[in-house]
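K.L.:
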Amino acid sequence: MTVIEIDAGAEEIKKKMPSFNYTQLLKAISDKSSLTKAYNEAENNYEKLQIFRVLQEGSPGNNDVFRKFINETFHIENEHVMQLNPRKYELVPSFIIVECNRIVASSV
């Protein structure tokens, strides 16, 4: 995206969220230690999976089946508009989170 597009988007967001700061948010999601901390503090597996995706973006994967599962099965484009509340129900299988935990722990 161009700087003009980013600025225009940020201004639209500020109409609904006046305290929005694109630069600050970008810095936060680009900091591996902050993301790792957020991952470890996440209250459910769905949140962990979303943070894991950001943490692993651009990282080469050695398990294509696992990567495909986390990138496609629980991706926003593939989720139903009507779904169970992911904060109340664990939607992500525990074996997926076990593997995510292993990868996050080994990358620290």
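Residue 45 is where the sequence shown starts when you use this note's numbering, and the numbers rise one by one after that.
Each residue gets a CB set at the ideal place from its N, CA and C atoms; glycine is no exception.
Skipping 5 residues on each side, what residues in its chain have a beta carbon closer than 8 Å to that of ILE147?
P.N.:
Residue numbering aside, residue 147 sits at position 103 when the sequence shown is read from its first letter. Hits under 8 Å: PHE96, GLN100.
K.L.:
Relative to the C-alpha of ASN145, which candidate in TYR90, LYS132, ASN129, GLN127 has its C-alpha closest?
P.N.:
Residue numbering aside, residue 145 sits at position 101 when the sequence shown is read from its first letter. Out of TYR90, LYS132, ASN129, GLN127, TYR90 has the C-alpha closest to the C-alpha of ASN145.
K.L.:
How big is the Cα-Cα spacing for ILE141 and ALA86?
P.N.:
By 1-based counting over the sequence shown, the position of residue 141 is 97. By 1-based counting over the sequence shown, the position of residue 86 is 42. About 12 Å.
K.L.:
Leaving out five residues before and five after GLU143 in sequence, what residues of the same chain have Cβ atoms less than 7 Å from its Cβ?
P.N.:
Here residue 143 is taken as the residue at index 99 of the sequence shown, counted from 1. For GLU143, where only same-chain residues beyond five positions count, the Cβ hits under 7 Å are PHE110.
K.L.:
Whose CA, out of ALA72, LEU128, LYS92, lies closest to the CA of ILE114?
P.N.:
Along the sequence shown, one-based indexing puts residue 114 at 70. Answer by Cα proximity: LYS92.
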